[in-house]
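In my numbering, the protein residues as written are 9 to 542.
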C-alpha cells in the first residue's frame, strides 16, 4: 500500500466518504476498526469484572482512570518519538506488545487469577501502549489523504472508533452471558492480528532527512514551545479541557449506572455502550452538514448541551429505555465535540511538529478524562451517583459559557507550509552544529507615524520566533537614533537556528514582509548572527 496522492481526483468534492478513495487510508481504517472492536470488548469486560471484584464506585472508576492516565503521563514523550522515528515501525512494535498483554490477561481471567490490582495494572500497561501509539496514529492521517479531505478523514477516524464502540460492547455483553467473562479478553487479543498484517504491508513514503535527527528531549521542548506560543492551539486546548473534565462523568461510572441505578446486567451495559457508538456513527455522518451550518464553535456548544442533558437524564429518569436513548444522544454529542476539537488542533499545526502538538492535545484530553474519572468516582462514593451526574451537567454548562471567547479553527486559514524565504546565513568559517547559543539581531528604521503598527507586528513576531525555539526575545530602541529598532532573540544552538530556517512558515513570511515594508532604509533590514565564542 503506497500513500502517494496519485489517487486524488482534482476537483472532486471532499464528501464524508471521499477519504476511502485513498487505498492506504481505507485499509488502515478497516484494520483499526477491527482492533478497536476488541479494545471495546476488553473495556466492557474489565469494567464488568471490576464490579464483581469490588463494587466500590471509586475502585470501578479507577479502571477508566488506568486506561486514560498513561496518555496524560506519556503522550508528550510519545509525540516526540512519533516525529523522530519511523511511525510504521513504532506502531508495529507497540501493537505487538499490546497483543501479548491482551493474551496474558485473557489467560489470567480464564484461570480466575485476576484481582483488582492485577486488572488495574494490566489496564494501565495497555493504556501506556495506547499512549505511545496515539500521537503517531493521529499524525499519519494528513499523509494518507490530501488536505481537502483532512476534515472528513478525521471524522471517519472518529466514526471508526464509534463503529467499534457500537459493535464491541454489545458483542461483549452477549459473550459474557453466553460464553463467559474470558471471551471478550480472548477476542481482544485476536483482534490485533489484522492491524499487524496491514501495518506490515503498508509502505509509506519516506520523508527526506536533510538535517541531523533531533534528540528526544530537545524535540519535546521544541514541541511544547510551539504549542504554548500558538494562540490557535491554546484556544483549542482550553475548550477541550473545559468539556472533557465533565463529560468524563458518565464514562467513569456507566458500569454502575447499568448495574445499580438501572438494576441491569452486562447485557444492558453493553447495549448502553453500543447505543453510544451508534449515536456517534450517525453523528459522524451528519456532522459535515451540521458544521457547515453552525460552524465549529456552535457545534461544540450543541454537543456540550447534549452531553449535559444526557447526564441529567441518567440522574433523574431511571428507566432502561430512556437510558438507551440518552446514550445515543451522548454518542452523537461526543463525536460532534471531539471531531471539532481534533480538526481545530490539526489545522493549527505544521507537519514538522504535528505529532508533538497532538500529543499535548491528547495529554490534556486524557488528563481531563483521568482526573474527571477519579473526581466523579470520589463524589459518587461520598454522595450518590445521581448527585454526581447533576454536578457534572451543571459544570459542563458553566464552563461552556466561560470559555466561549476561545474560538476554534483559528488556524484553518494560516499558511503553515515551509516558506523557505529566509536566505542561508552567511558564515565566515564552518560552525559546529552543537555550538551555541546563537543570537539573532534584525535592525529596522521605522518612521514615527508607523511605530504603533510596527509594535503590533512585533508582538505577533515575538510569538512566531518563540514557536520555533527563540528565547530572550526583546525589541530595543537606539538611545541616539530614535527611529532605529533592533529585534533580538537567542536560540539554543546553530543547528536549532538552521532548523528554524527550514520550518519558518508562509504566515511568518507575511509578518516579516509587513515589517520590512515599514523599514525606511534603502536596503532590507540588517540581519546579524552572533554565535557564543569558544
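Here a beta-carbon is modelled for each residue, glycine too, at the ideal position from N, C-alpha and C. None of the values given here were measured: they were computed from a predicted structure.
Out of curiosity, what's the CA-to-CA distance linking residue i and residue j?
i, j, result
"residue 367", "residue 491", "44 Å"
"residue 439", "residue 475", "24 Å"
"residue 28", "residue 341", "24 Å"
"residue 33", "residue 356", "22 Å"
"residue 549", "residue 515", "Only positions 9 to 542 of the chain appear in the structure, and residue 549 is not among them; the question remains open."
"residue 295", "residue 405", "21 Å"
"residue 223", "residue 444", "16 Å"
"residue 117", "residue 123", "9 Å"
"residue 281", "residue 264", "13 Å"
"residue 76", "residue 31", "31 Å"
"residue 2", "residue 188", "Because residue 2 is not part of the residues shown, which for the chain are 9 to 542, the question remains open."
"residue 441", "residue 221", "12 Å"
"residue 489", "residue 495", "15 Å"
"residue 427", "residue 531", "22 Å"
"residue 434", "residue 536", "9 Å"
"residue 461", "residue 529", "17 Å"
"residue 524", "residue 446", "23 Å"
"residue 146", "residue 381", "24 Å"
"residue 378", "residue 497", "39 Å"
"residue 400", "residue 245", "19 Å"
"residue 64", "residue 131", "18 Å"
"residue 74", "residue 135", "7 Å"
"residue 125", "residue 372", "26 Å"
"residue 59", "residue 389", "14 Å"
"residue 313", "residue 302", "14 Å"
"residue 468", "residue 225", "27 Å"
"residue 249", "residue 457", "43 Å"
"residue 391", "residue 277", "23 Å"
"residue 182", "residue 274", "8 Å"
"residue 307", "residue 241", "18 Å"
"residue 143", "residue 393", "34 Å"
"residue 20", "residue 159", "Residue placement at residue 20 is flagged as unreliable, the pLDDT there being 43, under the threshold of 50; the coordinate-derived value follows with that caveat. Going by the C-alpha atoms only, they are around 15 Å apart."
State the start and end residues of the unbroken beta strand (DSSP E) segment that holds residue i.
i, result
"residue 497", "492-499"
"residue 451", "446-453"
"residue 537", "534-539"
The alpha helix (DSSP H) with residue i in it runs from where to where?
i, result
"residue 482", "Element bounds for residue 482: not the alpha helix (DSSP H) but the beta strand (DSSP E), 479-485."
"residue 470", "459-475"
"residue 283", "274-324"
"residue 120", "Premise fails: residue 120 is in no alpha helix (DSSP H) and is neither H nor E."
"residue 350", "328-355"
"residue 378", "362-390"
"residue 228", "224-235"
"residue 408", "393-410"
"residue 193", "190-209"
"residue 246", "239-264"
For residue i, which three-state DSSP category applies?
i, result
"residue 426", "strand"
"residue 513", "strand"
"residue 50", "helix"
"residue 525", "helix"
"residue 26", "helix"
"residue 97", "helix"
"residue 542", "coil"
"residue 439", "coil"
"residue 88", "helix"
"residue 270", "coil"
"residue 415", "coil"
Of all the options the options, which has the alpha carbon lying nearest to the alpha carbon of residue i?
i, options, result
"residue 149", "359, 453, 537", "359"
"residue 305", "229, 425, 251", "251"
"residue 139", "372, 253, 501, 82", "82"
"residue 151", "354, 300, 283", "354"
"residue 478", "198, 501, 463, 239", "501"
"residue 513", "481, 483, 425", "425"
"residue 198", "114, 325, 175", "114"
"residue 206", "36, 68, 233, 212", "36"
"residue 267", "165, 201, 487, 327", "327"
"residue 538", "437, 256, 522", "437"
"residue 283", "332, 310, 311", "332"
Rounded C-beta distance between residue i and residue j? I'm assuming under 8 Å.
i, j, result
"residue 452", "residue 527", "5 Å"
"residue 109", "residue 141", "Their Cβ separation, rounded to whole angstroms, is 13 Å, which puts residue 109 and residue 141 out of contact at 8 Å."
"residue 71", "residue 128", "7 Å"
"residue 96", "residue 210", "6 Å"
"residue 55", "residue 254", "In fact, because the Cβ distance is near 20 Å, the residues do not count as touching under 8 Å."
"residue 349", "residue 79", "Residue 349 to residue 79, Cβ: 15 Å. No contact."
"residue 519", "residue 455", "Not really, about 19 Å apart at Cβ, beyond 8 Å."
"residue 570", "residue 261", "Because the chain here runs from 9 to 542, residue 570 falls outside it and cannot be looked at."
"residue 84", "residue 228", "6 Å"
"residue 310", "residue 338", "With 8 Å as the limit, residue 310 and residue 338 do not qualify as a contact, their Cβ atoms being about 13 Å apart."
For residue i, decide whether its Cβ has a neighbour in chain C, counting only Cβ atoms nearer than 8 Å.
i, result
"residue 110", "Included in the structure is just one protein chain, with no chain C present."
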